[in-house]
Structures are given as C-alpha cells and as structure tokens.
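Let me begin by presenting the structure, written as structure tokens, before commenting on it.
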Amino acid sequence: MTNQVILLDFWPSMFGMRTKIALAEKGVEYEYKETDPWVKTPLLIEMNPVHKKIPVLIHNGKPICESLIQIEYIDEVWSDTYPILPSDPYEKSQARFWGEFIDRKFYDPSWKVWGTKGEEQVAARKELIEHFKTLETELGDKPYYGGEVFGFVDIALIGYYSWFKAMEKFGEFSIEKEAPKLIEWTKRCIVRESVIKAMADPDNIIQYACVFRKSLGVE
Amino acid sequence: MGKENGKVVVLDFWASPYAMRTKIALREKGVEFEIQEEDLWNKSELLLKSNPVHKKVPVLIHESKPISESLVQVQYIDETWTDTASLLPSDPQARATARFWSDFADKTISFEGGKKIWGNKKGEEQEKGKKEFLESLKILETELGDKTYFGGETFGYVDITLVPFYSWFYALEKCGGFSVETACPKIVAWGERCVERNSVAATLPESEKVYQQVLKLRQIFGVA
Numbered sequence: 001m002t003n004q005v006i007l008l009d010f011w012p013s014m015f016g017m018r019t020k021i022a023l024a025e026k027g028v029e030y031e032y033k034e035t036d037p038w039v040k041t042p043l044l045i046e047m048n049p050v051h052k053k054i055p056v057l058i059h060n061g062k063p064i065c066e067s068l069i070q071i072e073y074i075d076e077v078w079s080d081t082y083p084i085l086p087s088d089p090y091e092k093s094q095a096r097f098w099g100e101f102i103d104r105k106f107y108d109p110s111w112k113v114w115g116t117k118g119e120e121q122v123a124a125r126k127e128l129i130e131h132f133k134t135l136e137t138e139l140g141d142k143p144y145y146g147g148e149v150f151g152f153v154d155i156a157l158i159g160y161y162s163w164f165k166a167m168e169k170f171g172e173f174s175i176e177k178e179a180p181k182l183i184e185w186t187k188r189c190i191v192r193e194s195v196i197k198a199m200a201d202p203d204n205i206i207q208y209a210c211v212f213r214k215s216l217g218v219e
Numbered sequence: 001m002g003k004e005n006g007k008v009v010v011l012d013f014w015a016s017p018y019a020m021r022t023k024i025a026l027r028e029k030g031v032e033f034e035i036q037e038e039d040l041w042n043k044s045e046l047l048l049k050s051n052p053v054h055k056k057v058p059v060l061i062h063e064s065k066p067i068s069e070s071l072v073q074v075q076y077i078d079e080t081w082t083d084t085a086s087l088l089p090s091d092p093q094a095r096a097t098a099r100f101w102s103d104f105a106d107k108t109i110s111f112e113g114g115k116k117i118w119g120n121k122k123g124e125e126q127e128k129g130k131k132e133f134l135e136s137l138k139i140l141e142t143e144l145g146d147k148t149y150f151g152g153e154t155f156g157y158v159d160i161t162l163v164p165f166y167s168w169f170y171a172l173e174k175c176g177g178f179s180v181e182t183a184c185p186k187i188v189a190w191g192e193r194c195v196e197r198n199s200v201a202a203t204l205p206e207s208e209k210v211y212q213q214v215l216k217l218r219q220i221f222g223v224a
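Here the protein sequences line up with chains A and B, keeping their order. The first sequence begins at 1 in UniProt numbering and counts up one residue at a time. The second sequence begins at 1 in UniProt numbering and counts up one residue at a time.
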C-alpha cells in the first residue's frame, strides 16, 4: 500500500515548522510543497476549504489541517517509533493544555509585538513577556517540556524560535533577560536534526517581518 | 483499574457552556462526580489553585489532580474511562477530522462570539456579531449534513463541543432579533436530538434560565 505524504507549508510559518519537526522525528519521508497562503491555489482550497491556510498534511490523498492536530495524527499513525505524546492520560492532558495555551494565549501577542505599533504594541509586549515567564515556570528544571523526552509541547513551542529575533528586534526586549531558562531550553532543542532542518533563518524572518510591517502600515 | 474509581470533582458554573461539555462527557461515560458551583465574581481558593494559568471553570479534578480546558478534559475522560463507548473514533484520519471540527466549533461558536450579540445594543457591532455567528453555524450545518450526529450514528466529540451552545441560542435570538431555526434548521433539529440523550438533558440548563442570566450580564456590562 502506498504511503504518500505531502506537506503544504510556507517557509516562515511557525505552525508548519511543528509538522516538519514531527515528521522528521518519526523518520517519515514526505514531499514538501512551498505554498504561499496569500495565494489561494486550487490545491490549498481543495485541501483546506474551511480555513485556506497552511500547513496542510496530505496522507494518501486525505488532508489533515491544524498543526497540533497534525502532530497527534502523526503520532498515532507512525506509532511504532518515538512517541511524541505521553501514554498516560493525565500527562497527555497536561501536554495538550500547554499546546492550547501556546495557540490561544501566546500566539496573539507573539505577532502583535512586531505587527502593531503604539499602545497596541506596548500591551502585546507586556502580555508576551508574561507568557514567556509562564512557559519558563512550567518548564522548571526539566530538560524538555516532555521531561527527559523532546515531546509535544517542545515541538509546539520551538516552531516559534525562528521568530524570537524578530520579536526582540521590533518589540525592543530581550527574551533571555526575561526568561533565561527558556533560552537554555531552545539551545537544547536547536541541536536536534529535526529542528535544524525545519527552522527558518532568523535573519530571513526579520526581513520577511519588515516587508509584512510595511504592508500592515506599521512601518 | 483503580484509577477509574478515584474521586471526580468538577469546578463548575451552571451556565458555562464549557463546563457543560465536561459534565456531558462524564455522564456519557457513567462516571459519578461531585459538582462544586463557583461564583465567578468571587472565585474559590481551590479554583485559583487548580487553574492558576486561566483561573476559569471548568476544572476537572480526578484523584486530586486538576485538568483545565474543557476539550482537554473531554479527551482525558475518553481516555481514562474506556469500558464504555468512545467519544472519538478509533481511526486516526476520522479522529483528526473530529478534532478539526471540534476546534472550528470551539473557535467560532463561543462565549466571546455570543457576547458580540448580547453585549452590544442593536446596531453595526451586533449585526457583525450575528453575521459571523450564523456564517460559522451554517458551515457546521453543512458538515453535519443529514447525519444524526456530527460523528455519524454515534454521539461524540464534536457534538459534545457544540451542544452546550444550543442552550444559549434562545438568549442570542432574543438579544439579536433573529431565529437560529430559520437560518440553520438542521442544527436545531440536531440539538433537539441531542437533548433526548440523558447526559445532555441532565446537563443543559433551560433556555429561559440562560436568557435571564444573559440579561443580568447585560446589566453588569451596561448594555441597554
């Protein structure tokens, strides 16, 4: 039976980076299709008619949308290697909670800190720093959010790493100063093969953010 | 085996659609649980300690261990009490689809979304809120199609995500001056099927009661 895996993704997307990391951790071969989400290609519309967004994981012709859902799917299908989520239901619930936190609370200020100006940006920076500190507290003294294992929450968060430099530059703050243990954690993550391959160059992200800021009228 | 017999407590607020999800899931699984009703304007120490990040209901406490976020709780319930019917399908593709639609429903049919309707006087903002609400509900109605439930013949994860808001429809209709049944008849029919289930009937408050609560909220927020 064929096992065809395609990923529609856009190089700066922190969400796409999650899916790429999960696939790499499982050793899954896939075809990568660079897809600009602002250009709604027929394939994107067909595979994600509701949101028309990337990443879209296409497995044997069937699409799976939303990056955290994709990670769970990947973990369930390629279950014979490297578990991403813990098997214990309580530990799993805690991992999912932090995945939700990152998507529902962390995401918004993480783009507003570079994508807005004035009072809105100041508020975003304040909120983002609080969330960085919360995430640092949750990590504690563990090497990874998954404990000894690079897991679900690590994958959910490290996708943002490529954007840290842009957040700091435009937000005018230092993540290391606010959450030094979190930066230590990133250093552990970014030596992993899966993360190296998935990450975008932070300087390219800054350039991308610059262009985006102009189009948003922020610069 | 022992874990399923541990004490279960839900930190609750009767009108919270999110807490309703958790209670429905527990009732579907036949799990006995204790409810601790919270005063959201005077939150208990237990709530603040159990959910320090969000300080919100519902919190599910199982064997003294707290779990926050209603959809995380529903999945936990499904994975812990496994001797009754699953709330999620077993096939990974079907599970991903169920998670997708639950996520869509959660993001679009929400307390905040409803607030755009009841939390505004008649006018542009309220119209915008109504439009967004009905557009999203129509998308869900298309996904439901002619199925009995979102999961097909079995009541499951997506149904549990959305059905609490069925008890809020009346309040939104009265505040917004519209009819959900006119716009989305299949959704209303689905809601009626769901409330025939014991778990849903035991959990959803009466629509009139929710409406009275919304009127109170309108007063608090200074909406005419």
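The C-beta atom is built at its ideal place from N, Cα and C for all residues, glycine as well. Computed from a predicted model, the values in this text were never measured in an experiment.
Exercise for review: Decide if B/ALA106 is buried, meaning its Cβ has at least 16 other Cβ atoms within 10 Å, or exposed.
Suggested key: Here residue 106 of chain B is taken as the residue at index 106 of the second sequence, counted from 1. In the sequence as presented, Ala is not what sits at residue 106 of chain B; that position holds Asp. Counting other Cβ atoms within 10 Å of its Cβ, B/ASP106 reaches 16 or more and is therefore classed as buried.
Point to revise | First and last residue of the uninterrupted beta strand (DSSP E) at A/ILE6 | key: Your numbering for residue 6 of chain A matches position 6 in the first sequence. That run of the beta strand (DSSP E) goes 5-9.
Check your understanding: For the alpha helix (DSSP H) that contains A/CYS210, what are its first and last residues?
Key -> On the first sequence, residue 210 of chain A is found 210 positions in, with the first residue counted as 1. In the DSSP assignment, A/CYS210 falls within the alpha helix (DSSP H) that extends over 202-216.
Review point. By how many angstroms is the C-alpha of A/ASN48 removed from the C-alpha of A/VAL56?
Key: Counted from its first residue, the first sequence places residue 56 of chain A at position 56. Counted from its first residue, the first sequence places residue 48 of chain A at position 48. A/VAL56 and A/ASN48: Cα-Cα distance of roughly 7 Å.
Practice item. Using the DSSP secondary-structure output, state which residues sit across from B/VAL8 in a beta bridge. Key: Locating residue 8 of chain B in the second sequence gives position 8, counting from the first residue. According to DSSP, which records beta bridges pairwise, B/VAL8 is partnered with B/HIS62.
Practice item. Identify each residue in the stretch 97-114 of chain A for which the Cβ-Cβ distance to at least one residue of chain B is less than 7 Å, and report them in chain order. Key: Cβ contacts with chain B come from PHE97, GLU100, PHE101.
Practice item. Using a Cβ-Cβ cut-off of 9 Å, state whether A/VAL56 counts as contacting chain B. Key: For the purposes of this step, residue 56 of chain A is taken as the residue at position 56 of the first sequence. Not one chain B Cβ lies under 9 Å of A/VAL56.
Point to revise | Which of helix, strand or coil DSSP assigns to B/GLY176 | key: Mapped onto the second sequence, residue 176 of chain B falls at position 176. Shown here, B/GLY176 sits in a helix according to DSSP, grouped into three states.
Check your understanding: For B/GLN75, which residues in chain A fall below 9 Å Cβ to Cβ?
Key -> Counted from its first residue, the second sequence places residue 75 of chain B at position 75. The contacting residues are PRO89, LYS92, SER93, ARG96.
Review point. Taking Cβ-Cβ distances shorter than 7 Å, what residues in chain A pair up with B/PHE100?
Key: Taking the second sequence and counting its residues from 1, one reaches residue 100 of chain B at position 100. Residues of chain A whose Cβ lies closer than 7 Å to the Cβ of B/PHE100 are, in chain order, CYS65, GLU66, ILE69.
**Study point:** Same chain, Cβ closer than 6 Å to A/ILE32, five either side skipped, listed in chain order
**Key:** Translated into positions along the first sequence, residue 32 of chain A becomes position 32. Going by the sequence as given, residue 32 of chain A is Tyr instead of Ile. The beta carbon of A/TYR32 sits closer than 6 Å to the beta carbons of LEU7 from its chain, once the five residues preceding and following it are set aside; these are given in chain order.
Check your understanding: Using a Cβ-Cβ cut-off of 7 Å (strictly less than) and excluding sequence neighbours within five positions of A/GLU66, which residues of its own chain qualify?
Key -> For the purposes of this step, residue 66 of chain A is taken as residue 66 along the first sequence, with counting starting at 1. Hits under 7 Å: none found.
Review point. Among A/LEU44, A/ILE84, A/LYS52, A/TYR160, which residue has its Cα nearest to the Cα of A/TRP185?
Key: Within the first sequence, the letter at position 185 stands for residue 185 of chain A. Comparing Cα-Cα distances from A/TRP185 to each of A/LEU44, A/ILE84, A/LYS52, A/TYR160, the minimum goes to A/TYR160.
Exercise for review: Starting from the Cα of residue 295 of chain A, find the closest Cα among A/GLU25, A/ALA124, A/GLY118 and give me that residue.
Suggested key: Given a span of 1 to 219 for chain A in the structure shown, any question on residue 295 of chain A remains unanswerable.
Check your understanding: Roughly how far, in whole angstroms, is the beta-carbon of B/VAL210 from the beta-carbon of B/SER167, given that I think they are within contact range, below 8 Å?
Key -> Along the second sequence, read from residue 1 onward, the residue named residue 210 of chain B stands at position 210. Along the second sequence, read from residue 1 onward, the residue named residue 167 of chain B stands at position 167. Between B/VAL210 and B/SER167, the beta carbon gap of about 5 Å places them in contact (Cβ cut-off 8 Å).
Practice item. Can you say whether A/VAL211 is buried or exposed, counting buried as having 16 or more other CB atoms within 10 angstroms of its CB? Key: As a first step, residue 211 of chain A is located in the first sequence; it is residue number 211 there, counting from the start. That one is exposed.
Practice item. Specify the secondary structure class of B/MET1 as computed by DSSP and reduced to three states. Key: Locating residue 1 of chain B in the second sequence gives position 1, where the first residue counts as 1. Note that B/MET1 scores a pLDDT of 45, beneath 50, so its modelled location is shaky; the value from the coordinates is reported in the next line. The three-state reading of DSSP puts B/MET1 in coil, since its state is none of H, G, I, E or B.
Review point. Leaving out the 5 sequence neighbours to the left and right, which residues in its chain are closer than 7 Å to B/SER136 when beta-carbon positions are compared?
Key: Taking the first residue of the second sequence as position 1, residue 136 of chain B is located at position 136. Non-local C-beta neighbours of B/SER136 in its own chain, meaning closer than 7 Å and more than five positions away in sequence, comprise THR108, ILE109, ordered along the chain.
**Study point:** A/GLY171 to A/ILE206 span [Cα, whole Å]
**Key:** Sequence index remark: in the first sequence, residue 171 of chain A carries index 171 (1-based). Sequence index remark: in the first sequence, residue 206 of chain A carries index 206 (1-based). Cα to Cα, the separation comes out at about 12 Å.
**Study point:** In chain order, each alpha helix (DSSP H) run of at least 4 residues that lies wholly inside the stretch 29-74 of chain A
**Key:** Qualifying alpha helix (DSSP H) stretches, in chain order: 42-47.
Practice item. Take the Cβ of B/ASP78 as the centre, count every other Cβ of all protein chains shown within 10 Å, and call the residue buried at 16 or more, exposed below. Key: Position 78 of the second sequence, counted from the first residue, corresponds to residue 78 of chain B. Buried.
Check your understanding: Does any C-beta atom of chain A lie closer than 9 Å to the C-beta of B/GLU141?
Key -> As a working mapping, residue 141 of chain B is identified with position 141 in the second sequence. Not an interface residue.
Exercise for review: Verify the CB distance criterion: does A/VAL153 have a CB-CB separation below 9 Å to chain B?
Suggested key: Taking the first sequence and counting its residues from 1, the one referred to as residue 153 of chain A is at position 153. Not one chain B Cβ lies under 9 Å of A/VAL153.
Practice item. Look up B/SER68 in the DSSP assignment and give the residues it is bridged to. Key: In the second sequence, counting from the first residue as 1, residue 68 of chain B sits at position 68. B/SER68 pairs with B/VAL59.
Review point. What residues from chain B crowd round A/THR134, counting only those whose CB sits closer than 7 Å?
Key: What you label residue 134 of chain A is simply residue 134 of the first sequence in a count that begins at 1. The contacting residues are VAL53.
Point to revise | CA nearest to the CA of A/THR2, picked from A/ILE84, A/GLU72, A/HIS59, A/ALA198 | key: Taking the first residue of the first sequence as position 1, residue 2 of chain A is located at position 2. Looking from the CA of A/THR2, the closest CA among A/ILE84, A/GLU72, A/HIS59, A/ALA198 belongs to A/HIS59.
Review point. When the Cα atoms are used, what is the spatial distance from A/PHE164 to A/LYS181?
Key: As a position in the first sequence, residue 164 of chain A is number 164, starting the count at 1. As a position in the first sequence, residue 181 of chain A is number 181, starting the count at 1. Using only the alpha carbons, I get a separation of about 15 Å.
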